[in-house]
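As structure tokens, the structure follows; a few thoughts come after it.
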Amino acid sequence: AQKITQTQPGMFVQEKEAVTLDCTYDTSDPSYGLFWYKQPSSGEMIFLIYQGSYDQQNATEGRYSLNFQKARKSANLVISASQLGDSAMYFCAMRERGTNAGKSTFGDGTTLTVKP
Amino acid sequence: KAGVTQTPRYLIKTRGQQVTLSCSPISGHRSVSWYQQTPGQGLQFLFEYFSETQRNKGNFPGRFSGRQFSNSRSEMNVSTLELGDSALYLCASSSGASASTDTQYFGPGTRLTVL
């Protein structure tokens, strides 16, 4: 089974509107971290936001917020007030301990296109 | 602080050759991980080094190897290149303090083309 699932290959949003990118995960480790990255066409992976498994509150970073629903094992990224520069590929990733220590496991990504 | 740097940014090689890619982590970071990104396979973990020791390794053939130096800089080497090795190779650094909560910061990547 995939550890990180992003079910939306592509998403469109109108400029200035909010958009939610979905991510579900699977792990048996009680201590894990969830991350979102943005990858523009240039290729560099840009860190956006982090949520720890023990964090009680949803993480926020500027226009980015993470809707963390632990029981449902979901960690959706919400981008408010979309801008044209937000057009990019977005990846959800998870870090765990044990045999997966030291690596991030990534989903297949969601391509977001912001329309003017 | 300077970010993660990778050299070279672009590389063209022919089948059978070998290649060495370099990564300099963020100052103070002791963990360096390498990933291969292709359109078909997505992002796949190659290996992770911490304090000059390989701590974890992905499912790649032995042609892929790496090392880390005492200043935390890392290199990865691919020998006997195959067409399928064409990919974007990304290096990521983190403090190494926690396997599950450390944020990995990525470099710009090296785009390798094998002809």
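Here the protein sequences come in this chain order: D and X.
The first sequence begins at 37 in the numbering used here and counts up one residue at a time.
The second sequence begins at 425 in the numbering used here and counts up one residue at a time.
Yeah, the Cβ is synthetic: ideal placement off N, Cα and C, and Gly gets one too.
Just so you know, these numbers come straight off a predicted model, no measurement behind them.
Can you confirm whether Y529/X, when its beta carbon is compared against all beta carbons of chain D, has any partner nearer than 8 Å? Here residue 529/X refers to the residue found at position 105 when the second sequence is read from its first residue. With respect to chain D, the C-beta atom of Y529/X has a partner C-beta closer than 8 Å.
Since A54/D sits in a beta bridge, which residues does DSSP pair it with? Your numbering for residue 54/D matches position 18 in the first sequence. Looking at the DSSP assignment, A54/D forms no beta bridge with any residue, so it has no partner.
Taking the CB atoms as reference points, tell me whether C59/D and L148/D lie closer together than 8 Å. The residue given as residue 59/D occupies position 23 in the first sequence. The residue given as residue 148/D occupies position 112 in the first sequence. Not closer than 8 Å, so no.
Any idea what DSSP makes of N136/D, helix, strand or coil? Against the first sequence, residue 136/D aligns to sequence position 100. DSSP places N136/D in helix when its eight states are reduced to three.
8 Å Cβ cut-off: residues of chain D touching R535/X: Walking along the second sequence from the start, residue 535/X turns up at place 111. The CB of R535/X comes closer than 8 Å to the CB of G79 in chain D, given here in chain order.
Could you tell me which chain X residues have their CB closer than 8 Å to the CB of E132/D, listed as they occur along the chain? For the purposes of this step, residue 132/D is taken as the residue at position 96 of the first sequence. Going along chain X in sequence order, the residues near E132/D (Cβ under 8 Å) are A523 and S524.
Under a three-way DSSP split, which group does L505/X fall into? Within the second sequence, residue 505/X is the residue found at index 81, counting from 1. Residue state, collapsed to three classes: coil.
Chain D contacts made by the stretch 475-488 of chain X, where a contact means CB separation under 8 Å: R479, N480 and G482
By Cβ distance below 6 Å, which residues in the same chain neighbour C52/D in space, the five residues on each side in sequence not counted? What you label residue 52/D is simply residue 16 of the first sequence in a count that begins at 1. Sequence inspection shows Lys at residue 52/D; the Cys mentioned does not correspond to that position. Excluding sequence neighbours, K52/D sits near A117.
C137/D at chain X interface by Cβ criterion, 8 Å: On the first sequence, position 101 is the one that residue 137/D refers to. First, the amino acid is wrong: residue 137/D is Ala here, not Cys. Cβ-Cβ to chain X under 8 Å: yes for A137/D.
Taking the alpha carbon of L57/D as the point to measure from, which residue in S140/D, A107/D and Y73/D has its own alpha carbon closest? Here residue 57/D refers to the residue found at position 21 of the first sequence. Comparing Cα positions, the closest option is Y73/D.
Apart from the five residues on each side of it in sequence, which residues of its chain come closer than 7 Å, Cβ to Cβ, to F160/D? With chain D covering 37 to 152 only, the question about residue 160/D has no answer from this structure.
Taking 8 Å as the cut-off, decide whether the C-beta atoms of C128/D and Q42/D are in contact. Locating residue 128/D in the first sequence gives position 92, counting from the first residue. Locating residue 42/D in the first sequence gives position 6, counting from the first residue. Yes, Cβ-Cβ distance for C128/D and Q42/D is below 8 Å.
Tell me the DSSP secondary structure of G145/D in three-state form. What you label residue 145/D is simply residue 109 of the first sequence in a count that begins at 1. Correct three-state label for G145/D: coil.
Excluding the 5 residues preceding and the 5 following P66/D in the sequence, name in chain order all residues of the same chain whose CB lies nearer than 7 Å to its CB. One-based indexing of the first sequence puts residue 66/D at position 30. The residues are S89.
Three-way DSSP call (helix, strand, coil) for Y121/D in this model: As a first step, residue 121/D must be located in the first sequence, where it is residue number 85. Per the sequence presented here, residue 121/D reads as Gly, with Tyr not at that position. Reduced to three states, the DSSP call for G121/D is helix.
Within chain X, partners of G69/D - CB distance below 7 Å: On the first sequence, position 33 is the one that residue 69/D refers to. Per Cβ cutoff of 7 Å: S524 and T525.
Quick one: residues in its chain with C-beta nearer than 8 Å to the C-beta of S78/D, no 5 flanking neighbours on either side, listed in chain order? Sequence index remark: in the first sequence, residue 78/D carries index 42 (1-based). Hits under 8 Å: none found.
Closest by C-alpha distance to T527/X, when choosing among N483/X, Q430/X, V443/X and I450/X: By 1-based counting over the second sequence, the position of residue 527/X is 103. Taking the Cα of T527/X as reference, the smallest distance to any Cα among N483/X, Q430/X, V443/X and I450/X is reached at I450/X.
Neighbouring residues, chain D, relative to E472/X (Cβ below 9 Å): Along the second sequence, read from residue 1 onward, the residue named residue 472/X stands at position 48. In chain order: A137, G138 and K139.
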